[in-house]
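S.K.:
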Amino acid sequence: MDIKQKFVEAFKRIWYIQGFNAYPLFLNRAGISGFEMEKVLGYGYSIILNSYRNGYCEMHYLSADLKRIWERVKENLKKDSKYVEKIASKYFKIFEKHEKLFKQMDKLNLSKLEEPELIQLLKNCSQASIDAVGVAHIVDPIGIGSEVEFKQKLLSEIKNKDKFNEYFSILTTPLKLSFLGREEEDLRKIGNLTGIKRKKALKLHLKKYSWVNNSYAGPTEITLTSLSRRLNLLNKEKVKPKLLKTELINELSLSKEIKDLIAVIDFSTIWQDRRKKNVLISISYFSKVLEEVSKRISIPSKLLYFFGIEDFNSINSFKDIKKFKGELEERTKGVFFLLDQGQEFEVCGQDYQTLYKIYSEVEKGQSRPVEDIHGSVANRGTALGKVVICKDLESIQKVETGNVIVASMTRPEFMPALKKASAIVTDEGGVTCHAAILSRELGIPAIIGTKIATRILRDGMKVEVRANHGIVRIIS
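As numbered in this note's numbering, residues 3 to 478 make up the sequence shown, in order.
#1: Leaving out five residues before and five after G344 in sequence, what residues of the same chain have Cβ atoms less than 6 Å from its Cβ?
#2: Just to confirm before moving on: does the CB-CB distance between K88 and G147 stay below 8 Å?
#3: If I measure Cβ to Cβ from K332 and keep anything under 6 Å in the same chain, skipping five residues before and after, which residues do I get?
#4: At what residues does the beta strand (DSSP E) containing A385 begin and finish?
#5: Our contact map puts R31 next to I311 with C-beta atoms below 8 Å; I'd like the distance itself, whole angstroms only.
#6: Less than 6 Å between C-beta atoms, sequence neighbours within five positions excluded: which residues of the same chain meet that for K480?
#7: Given this structure, state the Cα-to-Cα distance separating K205 from I49, to the nearest angstrom.
#8: Can you tell which of E346, F416, A138 has its C-alpha closest to the C-alpha of F269?
#9: In this structure, how does DSSP classify N252 when only helix, strand and coil are distinguished?
#10: On the three-state DSSP scale, how would you describe L123?
#11: Is R382 buried or exposed, if buried means 16 or more other CB atoms sit within 10 Å of its CB?
#12: Would you mind stating whether G220 and I172 have Cβ atoms separated by less than 8 Å?
#13: For E402, which of F308, G387, M39 has the nearest alpha-carbon?
#14: Put N280 into one of helix, strand or coil per three-state DSSP.
#15: Could you spell out where the alpha helix (DSSP H) holding W72 opens and where it closes?
#16: Would you decide whether P414 is buried or exposed? Buried here means 16 or more other CB atoms lie within 10 Å of its CB.
#17: Per the DSSP calculation, Q20 is bridged to which residue(s)?
#18: Should S217 be listed as close to the ligand FAD, given that the test is whether its C-beta is under 7 Å from any heavy atom?
#19: Thinking V390 and I407 are a contact (beta carbons under 8 Å), I'd like their distance in whole angstroms, please.
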């Protein structure tokens with residue numbers, strides 16, 4: 003089977019799709035970790051398809067892989083209730099060496115490094131980006147698989163079925179703040195300071211959280227001016243939601259089985275957030291080295307973002323990097339990557355254009371006209387507003403107060419827009435996903451896992467988000 007046919011066959015499979023503002027250099031490393039985790043766990047992903055176009059990527063997980071991995075996790079949890087926590091310990095142990103590297107890099111003057119040293123540092127940062135996801139790649143199938151089972155078990159145990167969505171939202175809320183929530187809490191404390199103390203505190207905050215606006219599309223610089231402006235816009239006090247989770251578990255007299263599942267969901271949600279933090283920090287350091295390489299070889303760093311895994315691994319000198327310039331330029335127009343059993347296949351140029359037409363036709367064939375869109379309740383409430391489809395950083399900037407954000411998935415870089423939104427609707431996402439976490443912290447209605455929202459809804463449509471019932475209704 004030739005490569006083009008291999009992609010055509012892949013398009014026909016049943017996928018779980020996540021959307022990212024992303025480039026191959028960063029996101030393919032997250033993808034390859036799904037295969038490398040087999041060395042540690044004895045199981046992993048079999049195939050991942052990435053479609054990059056205009057700074058946006060649709061990352062395809064094989065639905066059968068997600069189900070199979072969740073089943074393996076469940077088998078291990080039956081033998082050891084602390085299984086997920088033990089895997090997390092391995093994850094943090096593996097990532098420790100990269101944290102040490104980052105501390106060493108803080109003291110380095112990259113401009114003084116010789117070529118071989120810089121190339122080696124680039125490769126070390128590449129591995130850090132892989133391990134930042136690493137074995138924590140199991141939290142995706144945990145989040146998706148556990149949601150389905152948790153819903154079934156909760157429905158079977160509660161007496162008042164009308165309160166299911168309310169209970170579901172509370173019981174799947176993590177007991178700890180996300181890193182974005184902690185960052186905002188820390189920033190808010192600075193608001194109590196004035197003069198030199200305030201300025202000094204802002205500088206320390208910037209150093210601590212310089213990575214927070216990064217994404218799989220690369221680093222985003224935060225300045226003291228923008229940070230100070232954001233601080234001025236924050237409310238002086240944040241009203242914290244009453245902690246209901248523990249009380250509700252006791253009130254409902256839930257079984258040990260469902261309590262154990264809640265514990266797994268809670269732990270996995272927090273772990274996924276830590277994973278994201280490590281990813282964003284790794285992107286910062288990887289990008290710093292890449293910028294230095296870019297200066298020395300006179301190739302824009304954004305062009306280097308189109309390196310995959312295998313071609314990057316073949317690099318041993320600046321000369322090797324320069325050889326790929328033409329290929330990288332072709333990839334900027336659109337590129338497919340297929341990670342199959344840990345091997346990477348890539349198509350760009352005219353072959354990409356041909357395949358993209360087939361890909362679009364397959365996607366179109368899966369769409370259907372609907373009036374109501376159904377999904378899972380991440381946070382309860384009702385909202386009425388105009389839709390803004392958020393697929394890239396440019397579309398995020400179009401969000402106005404009261405809009406309904408519709409996205410494949412929300413990411414940390416969505417945070418400024420989420421604060422303006424009246425509601426969130428996503429195609430994908432399990433109970434551990436970013437949209438679920440942030441909607442609760444921000445106190446706005448959210449419906450996740452609709453599968454079709456970005457395909458059915460369009461910018462400017464007026465919709466009613468009935469998050470108490472998991473329904474998005476098109477008004478006009």
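Heads up, the beta-carbon is just placed ideally off N, CA and C, and yes, glycines get one too.
Being a predicted model, the structure only gives us computed values, none of them experimental.
M.R.: Quick answer:
#1: F37
#2: no
#3: Note that residue 332 corresponds to Glu in the displayed sequence, not to Lys. Closer than 6 Å at the Cβ level, and outside the excluded window around E332, lie C350, G351.
#4: 384-391
#5: 7 Å
#6: Shown here, the chain extends from 3 to 478; a query on residue 480 therefore has no answer.
#7: For K205 and I49, the distance between alpha carbons rounds to 44 Å.
#8: A138
#9: helix
#10: helix
#11: buried
#12: no
#13: G387
#14: Three-state result, N280: helix.
#15: 65-81
#16: buried
#17: M61
#18: Only the bare structure without any ligand can be found here, which leaves the ligand FAD out of the picture.
#19: 6 Å
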